[in-house]
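Following: one structure in structure tokens, then a few remarks.
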Amino acid sequence: MPWIATCYQCQQQTGISRPFFETKDDFLAWTLLERKILEKAVAHYAPHSRSATDARPCSGVGMAVPKANILLASSTTPDDDPPTWGRQIPRHGG
Ligand SMILES: [Zn+2]
-19 MPWIATCYQC QQQTGISRPF FETKDDFLAW TLLERKILEK AVAHYAPHSR SATDARPCSG
41 VGMAVPKANI LLASSTTPDD DPPTWGRQIP RHGG
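Note that the numbering used here has the sequence shown beginning at -19, numbered continuously upward.
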């Protein structure tokens, strides 16, 4: 999972779905702002455990990433996996 953000439930760095913007205007604003401000992007938390010692699924799994957290989200492979735009169906576990 190349995109990561801090989980608001367990405070771990965890995988998220690829951020997307619901409108082309938001997407274009993102490209003009040096591809740093993800404030209006939407993403969801990928499956992860609550902690290194608690294997139960975190309650944040599948939830939307809060704005404060997605602002600090980043991709480990930004050139290969940029955000997109257009309404998408959230996918869990992919
Ligand atoms: Zn979590």
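Heads up, the beta-carbon is just placed ideally off N, CA and C, and yes, glycines get one too.
Less than 7 Å separates the beta-carbon of P63 from that of A21. With a cutoff of 7 Å on beta-carbon distance, I(-16) and V45 are scored as not near each other. Every residue with a CB closer than 6 Å to a heavy atom of ligand 1 is listed here in chain order: C(-13), Q(-11), C(-10), Q(-8), T(-6), H28, C38, G40. Beta-bridge pairing by DSSP links A(-15) to T(-6). Here DSSP, grouped into helix, strand and coil, assigns T64 to strand. Residues P(-1), W10, I50, L51, A53, P63 of the same chain have their beta carbon placed closer than 8 Å to that of L18, with the five preceding and five following residues left out of the count.
By the criterion of a C-beta distance shorter than 6 Å, T56 is surrounded in its chain by P(-18), once the five residues flanking it on both sides are discounted. Nearest C-alpha to Q(-7) among T3, H28, D5: H28.
Taking the Cα positions, G42 is about 18 Å away from D34. Inclusion of Q(-11) and C38 in the CB contact set at 7 Å is warranted, their separation being smaller than that value.
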